[in-house]
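Student: Protein chains in written order, with my numbering: chain R, 1 to 419; chain L, 1001 to 1193.
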């Protein structure tokens, strides 16, 4: 069979002709700077009258529309190597967070790691300490699950005063992905656990060489050594080529750039489980090993810094989640928590996963205070802020899961308030 | 014609045939034995000090290293410099139960071994893992002595460091939540007082 050179040449000529036929369009193109992840193309008056661009012009990976602008936002911290960025929750659609919008928290920058030179060591109280290459790990049977990850410090500025201006800042250290990897239990069978094994240290290959001690119980029940996120390899910011996923637990424990798991009979008391990520109570003592992210929810529309143009029908929308099971229900209050009505769950709750909820609302133009509360399948109900503060004081820092209030003013503007 | 009996037989045959085909063989050829030499590069120091390396240092030695490698971020007096993102390393004694708690190594950290582990693995911030064992002992001694947790002349090594009694050693308790009080009836809820 003759190679199809002619067809290719003809195609080239055709597209060249198309370009020369539209000189005006090209000249007019002083394209605005494309949003991150997008390419700016000329936009014809009528896309049905002009040939579109050919396939794979983007090199084969794809870009988003030039009209989509949502991005992660950096936290106002002095050092970007040990800082965090927020997911634009009000802009995300559906239950999964696009990998490029997954929130970040790094303690020593984002390392560049060649997977061919990366190993996972599993050692300590095991019969046969081993190292596993990424290729080894991909030979093992994998599972795929949807889980949220929430930074233990999500919403930490809300203990005392309503500080975050919008939902990206107040709740944006929360993202949901479909994770693919190998359960820790599989590795455990390959190395053999000693009788006194009860803790596992996870360690990252970043400049922080991040370490956390994890109860063996958790590791064996659903601890996942993940290499996949939303249908492709992990993003570098999310731990490429390997991260730990501990469904429902605080994000800090889900060690990114995972390079070793040391099985032990006691916790190591690393900096991140003593000096950090512990909750200071009013009596000056601190609660340690508070792992699971409690039931929580937030309304993403309408939310802080938005403006309702006029009275009328709106869909209140939001996200609910819990690290201790499934979301059973979500309630909405339109009067600052005095009365509650059930919201609609927009998808099927899964364990340790976010759920979208909505509520059809007619705004009559009067001031209103919108709240949502998550009800977990255990029966636990997301607490009011006053209840949480009464229990823990205002210096607990982490694991803030109180009900969020958005005030809608008569002019339609929405602000963060405490009631 | 397929009767339900032939279907069942077919199903069973398929089941056995299939499982015989895909069943993994005995033995374990995934992963490579990790050697002692490879594992010796790793460390994580628990409160009993297991894994602390040989070496030693005191506060005077640590003070000089601190001035050269740490003070630019953590401040001359260990007070922390906000614009560098580096937290204070000392101060805050007796502040934990007040309106303005200051959580530092001196006031908050329960174990001196954590200090050694953390400096060794990730400090100085821009040159992580560059310090020798002696330097880490010396810096640990210096930070602990500024916090008046050890005397200025005390030598820190694998034996002495785990014995250091941190002021807040008993300041932690295990409580994985959720808060039990949330389950109290509304009338007993502390917020409704």
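Every residue gets a Cβ at the ideal spot worked out from N, C-alpha and C, and that includes glycine.
Would you kindly report the start and end of the unbroken beta strand (DSSP E) that includes residue 174(R)?
Tutor: 174 to 183 is the extent of the beta strand (DSSP E) around residue 174(R).
Student: With a cut-off of 8 angstroms on the beta carbons, I'd call residue 356(R) and residue 95(R) a contact; round off their distance for me.
Tutor: 6 angstroms between Cβ atoms; contact.
Student: Any beta carbon of chain L sitting closer than 7 angstroms to that of residue 284(R)?
Tutor: Residue 284(R) counts as touching chain L.
Student: Can you tell me whether residue 307(R) is buried or exposed, with buried defined as 16 or more other CB within 10 angstroms of its CB?
Tutor: Residue 307(R) is exposed by the Cβ-count criterion.
Student: Pick helix, strand or coil for residue 219(R), following the three-state DSSP scheme.
Tutor: DSSP places residue 219(R) in helix when its eight states are reduced to three.
Student: Using beta carbons (cut-off 7 angstroms, strictly below), is residue 291(R) in contact with chain L?
Tutor: At least one chain L Cβ lies under 7 angstroms of residue 291(R).
Student: With a threshold of 7 angstroms between beta carbons, is residue 51(R) in contact with chain L?
Tutor: With 7 angstroms as the cut-off, residue 51(R) does not count as an interface residue toward chain L.
Student: Kindly indicate if chain L contains any beta-carbon less than 7 angstroms away from that of residue 216(R).
Tutor: With 7 angstroms as the cut-off, residue 216(R) does not count as an interface residue toward chain L.
Student: Name the chain R residues that come within less than 9 angstroms of residue 1082(L), Cβ to Cβ?
Tutor: Going along chain R in sequence order, the residues near residue 1082(L) (Cβ under 9 angstroms) are 78.
Student: Residue 331(R) lies in the beta strand (DSSP E); which residues open and close that run?
Tutor: 327 to 333 is the extent of the beta strand (DSSP E) around residue 331(R).
Student: Have a look at residue 1151(L) and residue 1057(L) and give me their C-alpha separation to the nearest angstrom.
Tutor: Straight-line Cα distance between these residues: approximately 13 angstroms.
Student: Would you report the Cα separation of residue 41(R) and residue 66(R), rounded to the nearest angstrom?
Tutor: Cα to Cα, residue 41(R) sits roughly 8 angstroms from residue 66(R).
Student: Using a threshold of 7 angstroms, state whether the C-beta atoms of residue 242(R) and residue 120(R) are closer than that.
Tutor: Their beta carbons are under 7 angstroms apart, which means residue 242(R) touches residue 120(R) by this criterion.
Student: Just checking, does the segment 111 to 127 of chain R make contact with the segment 164 to 175 of chain R on the three C-beta pairs under 8 angstroms criterion?
Tutor: With a cut-off of 8 angstroms, the segment 164 to 175 of chain R and the segment 111 to 127 of chain R do not count as touching, because too few Cβ pairs lie within range.
Student: Measure the alpha-carbon distance for residue 323(R) versus residue 36(R) and round it to whole angstroms.
Tutor: Approximately 32 angstroms between the Cα atoms of the pair.
Student: Assign residue 297(R) to one of two classes, buried (16 or more other C-beta atoms within 10 Å of its C-beta) or exposed (fewer than that).
Tutor: The residue in question, residue 297(R), is buried, as its Cβ has 16 or more Cβ neighbours within 10 Å.
Student: If you measure between the beta carbons of residue 353(R) and residue 147(R), is that distance less than 7 angstroms?
Tutor: Yes, the Cβ-Cβ distance between residue 353(R) and residue 147(R) is below 7 angstroms.
Student: For residue 282(R), which of 1051(L), 1038(L), 1096(L) has the nearest alpha-carbon?
Tutor: That would be 1096(L), whose Cα lies nearest to the Cα of residue 282(R).
Student: Beta strand (DSSP E) containing residue 426(R): first to last residue?
Tutor: Because chain R here runs from 1 to 419, residue 426(R) falls outside it and cannot be looked at.
Student: For a cutoff of 7 angstroms on Cβ pairs, would you count residue 383(R) as touching chain L?
Tutor: Residue 383(R) counts as touching chain L.
Student: Are the CB atoms of residue 1123(L) and residue 1137(L) nearer to each other than 7 angstroms?
Tutor: No, these two residues do not count as a Cβ contact at 7 angstroms.
Student: Quick check: is the beta carbon of residue 1031(L) nearer than 7 angstroms to any beta carbon in chain R?
Tutor: Residue 1031(L) counts as touching chain R.
Student: Buried or exposed: where does residue 315(R) fall if 16 or more other Cβ atoms within 10 Å of its Cβ makes it buried?
Tutor: Classification of residue 315(R): exposed, given that the 10 Å Cβ count is below 16.
Student: When you compare each of 1069(L), 1161(L), 1139(L), 1149(L) to residue 1106(L) by their alpha carbons, which one comes out closest?
Tutor: It is 1149(L) whose Cα lies nearest to the Cα of residue 1106(L).
Student: Would you check if the distance between the CB atom of residue 359(R) and the CB atom of residue 343(R) is smaller than 7 angstroms?
Tutor: Against a cut-off of 7 angstroms, the Cβ pair of residue 343(R) and residue 359(R) comes out as a contact.
Student: Taking only beta carbons into account, state which residues of the segment 126 to 157 of chain R come closer than 9 angstroms to chain L, listed in chain order.
Tutor: Cβ contacts with chain L: 128, 129, 130, 131, 132, 133, 136, 137, 139, 140.
Student: Whole angstroms is fine: what's the gap from residue 1094(L)'s alpha carbon to residue 1165(L)'s?
Tutor: Answer to the nearest angstrom: the Cα atoms are 16 angstroms apart.
Student: Please tell me whether residue 485(R) has its Cβ less than 7 angstroms away from any Cβ of chain L.
Tutor: This structure cannot speak to residue 485(R), because chain R is shown only from 1 to 419.
Student: With a cut-off of 7 angstroms, does the C-beta of residue 294(R) fall near any C-beta of chain L?
Tutor: Closer than 7 angstroms to some Cβ of chain L, the Cβ of residue 294(R) qualifies, so yes.
Student: Pairs of beta-carbons, one from the segment 1066 to 1079 of chain L and one from the segment 243 to 250 of chain R, closer than 8 angstroms: are there three or more?
Tutor: At 8 angstroms Cβ cutoff, the stretches do not touch.
Student: Using a Cβ-Cβ distance under 7 angstroms, would residue 117(R) count as near chain L?
Tutor: For residue 117(R), the answer is no, since every Cβ of chain L falls outside 7 angstroms of its Cβ.
Student: Quick check on residue 28(R): buried or exposed, where buried means 16 or more other Cβ atoms within 10 Å of its Cβ?
Tutor: With a pLDDT of only 46 at residue 28(R), under 50, the local geometry of the prediction cannot be trusted, and the value read off the model is given with reservation. Residue 28(R) should be labelled exposed.
Student: Give the DSSP-derived three-state secondary structure of residue 375(R) in the structure shown.
Tutor: Strand at residue 375(R).
Student: Using Cβ-Cβ distances below 8 angstroms, what residues of the segment 1124 to 1142 of chain L are close to chain A?
Tutor: Absent from the structure: chain A. Protein chains present are R and L.
Student: Who are the neighbours of residue 1110(L) on chain R, taking C-beta pairs under 8 angstroms?
Tutor: Chain R residues near residue 1110(L): 269, 274.
Student: What does DSSP give as the partner residue(s) for residue 369(R) in the beta ladder?
Tutor: 335(R), 407(R), per the DSSP bridge assignment.
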